[in-house]
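Residue numbers for the sequence shown follow this note's numbering, so the first one is 23 and each next one is one higher.
All C-beta atoms, glycine included, are put in the ideal place defined by N, C-alpha and C.
Here is the structure we will look at, set down as structure tokens.
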Amino acid sequence: TYVNLPAAIGFTAIYAKLCDKLEQKNVFYACTIPFLIFFGLFAWAIFPNTSWLHPHAFVDAVAGHLPAGFAAPLSIIRNWSYAVFYVMAEMWGSVVASLLFWGFANEVTTVDEAKKYYPLFGMGANVALIFSGQYVKWVSKMRANLPPGVDPWGMSIKYLMAAVVGCGALMTGIFSYMQNNVITDPNCVDQEKRKNKAKKKKVKMGMRDSAKFLMKSPYIRDLATLVISYGMCINIVEVSWKGKLKQAYPDPNAYSAFMGNFSSATGAVTLIMMLLGRTIFEKFGWRTAAHVTPTTIG
Numbered sequence: 023t024y025v026n027l028p029a030a031i032g033f034t035a036i037y038a039k040l041c042d043k044l045e046q047k048n049v050f051y052a053c054t055i056p057f058l059i060f061f062g063l064f065a066w067a068i069f070p071n072t073s074w075l076h077p078h079a080f081v082d083a084v085a086g087h088l089p090a091g092f093a094a095p096l097s098i099i100r101n102w103s104y105a106v107f108y109v110m111a112e113m114w115g116s117v118v119a120s121l122l123f124w125g126f127a128n129e130v131t132t133v134d135e136a137k138k139y140y141p142l143f144g145m146g147a148n149v150a151l152i153f154s155g156q157y158v159k160w161v162s163k164m165r166a167n168l169p170p171g172v173d174p175w176g177m178s179i180k181y182l183m184a185a186v187v188g189c190g191a192l193m194t195g196i197f198s199y200m201q202n203n204v205i206t207d208p209n210c211v212d213q214e215k216r217k218n219k220a221k222k223k224k225v226k227m228g229m230r231d232s233a234k235f236l237m238k239s240p241y242i243r244d245l246a247t248l249v250i251s252y253g254m255c256i257n258i259v260e261v262s263w264k265g266k267l268k269q270a271y272p273d274p275n276a277y278s279a280f281m282g283n284f285s286s287a288t289g290a291v292t293l294i295m296m297l298l299g300r301t302i303f304e305k306f307g308w309r310t311a312a313h314v315t316p317t318t319i320g
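Rendered as structure tokens:
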């Protein structure tokens with residue numbers, strides 16, 4: 023509430039400005055590289071020095087003069103580096119995995135190709151979830167072999183962020199290769215359509231004008247309501263669920279190992295459901311399929 027929502031709104035404004043001023047490929051770099059730099063800095067510079075980076079004395083002094091209701095925002099200030107890391111980790115999925123990836127996929131994939139390839143993209147993402155979950159579990163279990171005096175969670179953070187930065191660098195390299203060798207290849211992308219698209223002038227609108235424009239469409243309004251409702255439901259459920267998980271796994275490495283297994287299980291179940299989903303759509307229709315999620319969460 024105090025950090026994630028304002029950060030998401032702020033990013034939307036920045037992203038709109040970047041789209042107005044930069045080519046789409048440069049927007050990708052401008053959004054992705056700062057994330058990777060931060061994740062690297064967090065593991066090797068910020069996390070090892072939180073004892074003096076976090077303003078514990080200042081927050082203790084201020085807390086004595088404020089009502090108990092200020093406990094939440096004060097705890098965020100006290101642990102500001104963890105709050106920033108949480109927001110960046112949350113936004114990485116929304117910004118890079120969803121917005122930038124699917125924006126690029128839409129750019130290079132025709133409507134006819136999308137029918138064939140988009141399910142494969144989704145399945146690939148869930149295969150990655152299975153393997154990444156097992157990597158998280160391996161890193162979390164590795165602490166048993168660490169010498170005395172080494173912070174096990176600090177070491178886990180370094181291994182996890184090294185994987186994120188490494189995969190991010192690989193992703194950026196592949197994107198650059200595609201921009202230079204695939205997008206410009208007439209056998210892969212219709213160059214005439216590409217040129218016509220590049221010639222089109224962008225309609226520049228501010229945040230307020232964009233919101234007004236979107237709100238005029240009932241279709242967009244309904245989609246926005248659906249996404250907001252989903253976000254509220256999952257956040258409310260996750261707060262309760264993760265609260266219980268913290269009691270069950272008070273050690274961060276044990277918690278992380280559980281989440282690794284949970285991610286792998288989620289990926290496997292999602293793969294199965296993607297295969298079953300086609301049958302549900304064919305036999306029962308869109309309405310029944312769409313009601314499965316809200317019924318389950320209820």
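Cβ contact annotation for A279 (same chain, cutoff 7 Å, sequence separation greater than five): K159, S162, K163, in chain order.
Taking the Cα positions, L293 is about 16 Å away from T315.
Leaving aside the five residues that flank L40 on each side, the residues in its chain whose CB is nearer than 6 Å to its CB run, in chain order, V49, A52.
Counting along the chain, the unbroken alpha helix (DSSP H) around A312 starts and ends at 274–319. Taking 7 Å as the cut-off, the beta carbon of Q156 is found closer than this to the beta carbon of S286. Taking C-beta atoms under 8 Å as the contact rule, G144 and M237 fail to qualify, at a distance of about 29 Å. Rounded to the nearest angstrom, the gap between the Cα atoms of V187 and L96 is 31 Å. Here the alpha carbon of A85 sits roughly 18 Å from the alpha carbon of L75. With a threshold of 16 other beta carbon atoms within 10 Å, S178 meets it and is buried. The C-alpha of L27 lies about 13 Å from the C-alpha of A35. Less than 7 Å divides the Cβ of N275 from the Cβ of P174.
Taking 7 Å as the cut-off, the beta carbon of A311 is found closer than this to the beta carbon of I302. Using a C-beta cut-off of 8 Å, the region 87–102 makes no contact with the region 243–260, since fewer than three inter-stretch Cβ pairs fall below that distance.
With contacts defined by Cβ atoms closer than 7 Å, K137 and A65 do not form a contacting pair. In the three-state scheme derived from DSSP, where H, G and I count as helix and E and B as strand, K238 is classed as coil.
Secondary structure of H76 (DSSP, three-state): coil. Annotation: the continuous alpha helix (DSSP H) that includes P141 extends over 133–163.
Taking a C-beta distance under 7 Å as the contact criterion, L58 and G190 qualify as a contact pair. For G190, the enclosing alpha helix (DSSP H) starts and ends at 174–199. DSSP, reduced to helix, strand and coil, places N71 within a helical segment of the structure shown. Taking C-beta atoms as the reference points, F61 and M193 fail to come closer than 7 Å. Judged by DSSP in its simplified three-state form, P56 adopts helix.
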